[in-house]
Structure formats: structure tokens, C-alpha cells
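Visitor:
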Amino acid sequence: MLLLLTLNFFLFLHVNSQEEDEFYEMETFRVESIRERLYREGKLEELELGSNSTNLHHEIETNNSTEIIDGKLYRRKVIFQHVNDYFDVLYVGNITIGTPPQLFNVILDTGSANLWVADKTCGTPKNEAPACIGKTKFDHKKSTTFRRKKGKFQIKYGAGSVQGYLGEDTVSFVGKKRSRLRLRKLTFGLATQVSKGTQGPFDGILGLGFRPLAVEHITPPFIAAVHRKLLKKPLFTVHYRNMPHSRGEIGGKYTYGGINKDNCGPVIGYQKLSSVSYWQFRMTEISV
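Note that the working numbering has the sequence shown beginning at 86, numbered continuously upward.
1) Report the start-end ranges of each beta strand (DSSP E) in the stretch 180 to 251 that is 3 residues or longer and not cut off at the edges.
2) Looking at the secondary structure, which residues open and close the beta strand (DSSP E) in which ILE290 lies?
3) Looking at C-alpha atoms only, which residue of GLY245, GLY249, ARG269 and SER246 is the closest neighbour of VAL256?
4) Compare the beta carbon distance of PHE307 and TYR341 with 8 Å and say whether it is the shorter of the two.
5) Residues in the same chain with beta-carbon distance under 7 Å from ASN180, minus the five sequence neighbours each way, listed in chain order, please.
6) Tell me which residues share the same chain as VAL202 and place their Cβ nearer than 6 Å to its Cβ, disregarding the 5 neighbours each side in the sequence.
7) So, are the CB atoms of THR283 and VAL247 less than 8 Å apart?
8) Just the C-alpha distance for GLY249 and LEU298, rounded to the nearest angstrom, thanks.
9) How is LEU266 classed by DSSP in three states: helix, strand or coil?
10) Taking 8 Å as the cut-off, decide whether the C-beta atoms of PHE238 and GLY252 are in contact.
11) Below 8 Å on the Cβ atoms is my contact criterion, and I expect MET111 with TYR339 to pass it. Report the Cβ-Cβ distance as a whole number of Å.
12) Starting from VAL307, trace the beta strand (DSSP E) in both directions and tell me its first and last residue.
13) DSSP has MET111 in a bridge; who is on the other side?
14) Classify LYS261 as buried or exposed, calling it buried when 16 or more other Cβ atoms lie within 10 Å of its own Cβ.
15) So LEU266 and LEU315 are in contact, right, with Cβ under 8 Å, and what is the actual spacing, rounded?
16) Determine whether the beta carbon atoms of LEU275 and ASP204 lie at a separation below 8 Å.
17) According to DSSP, what are the bridge partners of ALA441?
18) I'd like to know whether the C-beta of MET111 is nearer than 8 Å to at least one C-beta of chain D.
19) For GLY260, name the three-state secondary structure that DSSP assigns.
20) Three-state secondary structure (DSSP) at VAL177?
21) Do you know offhand how far VAL279's Cα is from PRO210's?
22) How should ILE371 be labelled, buried or exposed, when 16 other C-beta atoms within 10 angstroms of its C-beta is the threshold for buried?
23) Based on the DSSP secondary-structure assignment, which residues constitute the bridge partners of LEU271?
24) So, at 6 Å on beta carbons, what are the nonlocal neighbours of ASN348 in its own chain, with the 5 sequence-adjacent residues on each side left out?
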């Protein structure tokens, strides 16, 4: 679900709404992945030995079966190839939560629809979670605008899961050049338990998918901005830069409410989405 993008990548995502008069730019930053850090420290072998999957050169399995077609017996070979998770999360964006604002680095994920950050109790003796070590944690007692909400949440990703309780506060998307996109009274998750699969150099995940994908029927942050008519256009643009072996540098930009004219050319056309949950569309042809 969390994708490593290594090429210049442009994506225009659009939903129906009325136009207003503002758009916001939010830079992404390339951070050192767990695999890169372990390689730098000479500990990469420990990661590979501790992995549940096997070495890539020895992980192709076969399963022979037979099938009768037109009265003839055919032997079919089914090949299973496993993949390894090397914890290669590299690009994050900045948001703030609360009053006064507390700063967090979050993954911007189009494959999920909830916002969560680590709670201050995550990783404490009461809520042991080694994956919380190193994460910036939200302290709701330091925010004058925080309100705890009823209910709990649990999200399962392709690799890992989180769980905790729900809260409501002011959330801002932080950009350098333009004013912040500020959402007051936004519901988000405070994670008290974080599994190993969601460890890494980030404090949480900001889901950019649609509401049917969200747990607990929570309105996703970007969709909330559209509904509140905070954006010039109901779309956002994604630009990633290829930045091997760098840390803490600007690695791209998310533009909410407009087209990234600094890095993107004119829009040739739009394509209807094929899902009510994901930013996906049907492709009629592809060439390499």
C-alpha cells in the first residue's frame, strides 16, 4: 500500500465540487529509510535474517496440478513468488495538530483514508509498542482545542496495523511558500498500539482516499476540505523527485486545490474514476 516512487511522477486527482479561490502547496521530504539506516550502520544482515520472507533467490515455489481441456490432460505449473518488505518509506509531509500546533511527519497515502498520529502513551510500559520508538507523539493535554471523541479505531494496512482512540482538533497541512490549509474540528486517530510493519521514520499516516475506505466512517482530511469549500478546485497534484541517498531534503510537492504549474505541464484531459474508494481508473492501453 505504501509505494516507493523513484521517478518524477505527476498525478492529477479530482472530485466534483464548487470552485473557491484558494490552493495550497505542501512540500514532501525524503527521509532515510530503515533499510538505508541499517546499511549505513552495518546491520542490514540483521534485518534480512529477521524477516519472515526468504531470500529472493530461493523464494520461488511451484505447485504442479492437472487440468482436462477438450478431453486432453494438461499439466499446469503454478508459480508463487514472495516479496520482501525492506521498510523503504522515503517521502513524508508535514502537518500540525492542536493549539498551539504540534508538528508531525506523515506519509501521504492515497491507498487509505484516515489520519492518525502516535499518541503520547504509545511505547510506554502501559502500551508497549517498539514501533513507536522515535516517533513524535501527540500530547492532547497541551492542546486547548482538543476534544476526545467516543469510540476507538483499528486500521490494517498491507504491512502492519495501528489501533487507538479518536479525537478532534485543528489540523493544518504545512507548506513553505503559501499559507497553511487549516481544518478545524477534524476527527483523527491517536495510535496507542503500532505494529512492527508500521515502524519507520514517520509519525503517522494521512490518508487521501475516499470516505467509503475510511474506518469508523470518518471524513478524510482532503474530502473535508472539499466539503468545506476551502479549495479553489476539488483536486490535488502530486509531484515526486528522484532523490537517491539523501535525507531531509525537499523531495516533491503536493498541491491541494490546483495544478502544480512549476513542475507539471497543461492537463490534456480527465479520466473518470472506476472506484468509489480509491483514486483508480481503467486503462485501455499501456506501452513501455
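Glycine included, C-beta positions come from ideal geometry on N, C-alpha and C. None of these values were measured; they are calculated from a predicted model.
Guide: Looking at the coordinates:
1) 187 to 194, 200 to 203 and 232 to 241
2) For the purposes of this step, residue 290 is taken as the residue at position 205 of the sequence shown. Unbroken beta strand (DSSP E) run through ILE290: 289 to 292.
3) Taking the sequence shown and counting its residues from 1, one reaches residue 256 at position 171. Checking every option, the nearest Cα to that of VAL256 belongs to ARG269.
4) What you label residue 307 is simply residue 222 of the sequence shown in a count that begins at 1. What you label residue 341 is simply residue 256 of the sequence shown in a count that begins at 1. Yes, these two residues count as a Cβ contact at 8 Å.
5) Along the sequence shown, read from residue 1 onward, the residue named residue 180 stands at position 95. Here residue 180 turns out to be Ile, not Asn, going by the sequence shown. Closer than 7 Å at the Cβ level, and outside the excluded window around ILE180, lie PHE189, VAL191, VAL256, SER257, PHE258, VAL259 and LEU291.
6) Numbered from 1 along the sequence shown, position 117 holds the residue referred to as residue 202. Here VAL202 has PHE189, PHE223, ASP288 and GLY289 as same chain residues with Cβ atoms under 6 Å from its own Cβ, once five neighbours each way along the sequence are excluded.
7) Numbered from its first residue, the sequence shown carries residue 283 at position 198. Numbered from its first residue, the sequence shown carries residue 247 at position 162. In this structure, VAL247 lies closer than 8 Å to THR283 by Cβ.
8) Translated into the one-based positions of the sequence shown, residue 249 becomes position 164. Translated into the one-based positions of the sequence shown, residue 298 becomes position 213. Looking at the two C-alpha atoms, the distance is approximately 18 Å.
9) Counted from its first residue, the sequence shown places residue 266 at position 181. Strand at LEU266.
10) One-based indexing of the sequence shown puts residue 238 at position 153. One-based indexing of the sequence shown puts residue 252 at position 167. Not in contact: PHE238 and GLY252 (Cβ atoms no closer than 8 Å).
11) On the sequence shown, residue 111 is found 26 positions in, with the first residue counted as 1. On the sequence shown, residue 339 is found 254 positions in, with the first residue counted as 1. Yes, they are in contact, since the Cβ atoms of MET111 and TYR339 sit about 5 Å apart, within 8 Å.
12) Along the sequence shown, read from residue 1 onward, the residue named residue 307 stands at position 222. In the sequence under discussion, the amino acid at residue 307 is Phe, which differs from the Val named in the question. It is not in any beta strand (DSSP E) - PHE307 instead sits in the alpha helix (DSSP H) that spans 306 to 312.
13) Counting from 1 along the sequence shown, the entry for residue 111 is found at position 26. Looking at the DSSP assignment, MET111 forms a beta bridge with TYR339.
14) As a first step, residue 261 is located in the sequence shown; it is residue number 176 there, counting from the start. Per the 10 Å Cβ criterion, exposed.
15) Numbered from its first residue, the sequence shown carries residue 266 at position 181. Numbered from its first residue, the sequence shown carries residue 315 at position 230. Yes, LEU266 and LEU315 are in contact; Cβ-Cβ is about 7 Å, under 8 Å.
16) Counted from its first residue, the sequence shown places residue 275 at position 190. Counted from its first residue, the sequence shown places residue 204 at position 119. Their beta carbons are under 8 Å apart, which means LEU275 touches ASP204 by this criterion.
17) Residue 441 is absent from the structure shown; the chain starts at 86 and stops at 373.
18) Although the question refers to chain D, the structure presented lacks it and comprises just one protein chain.
19) Locating residue 260 in the sequence shown gives position 175, where the first residue counts as 1. It is coil, neither helix nor strand.
20) Mapped onto the sequence shown, residue 177 falls at position 92. Three-state result, VAL177: strand.
21) Within the sequence shown, residue 279 is the residue found at index 194, counting from 1. Within the sequence shown, residue 210 is the residue found at index 125, counting from 1. Taking the straight line from one Cα to the other gives about 14 Å.
22) Residue 371 sits at position 286 when you count from the first residue of the sequence shown. Result: exposed.
23) Start at 1 with the first residue of the sequence shown, and residue 271 comes out as number 186. The partner list for LEU271 (beta bridge, DSSP) reads ASP254.
24) Reading the sequence shown from its first residue, position 263 is the one you call residue 348. Correct list, in chain order: HIS324.
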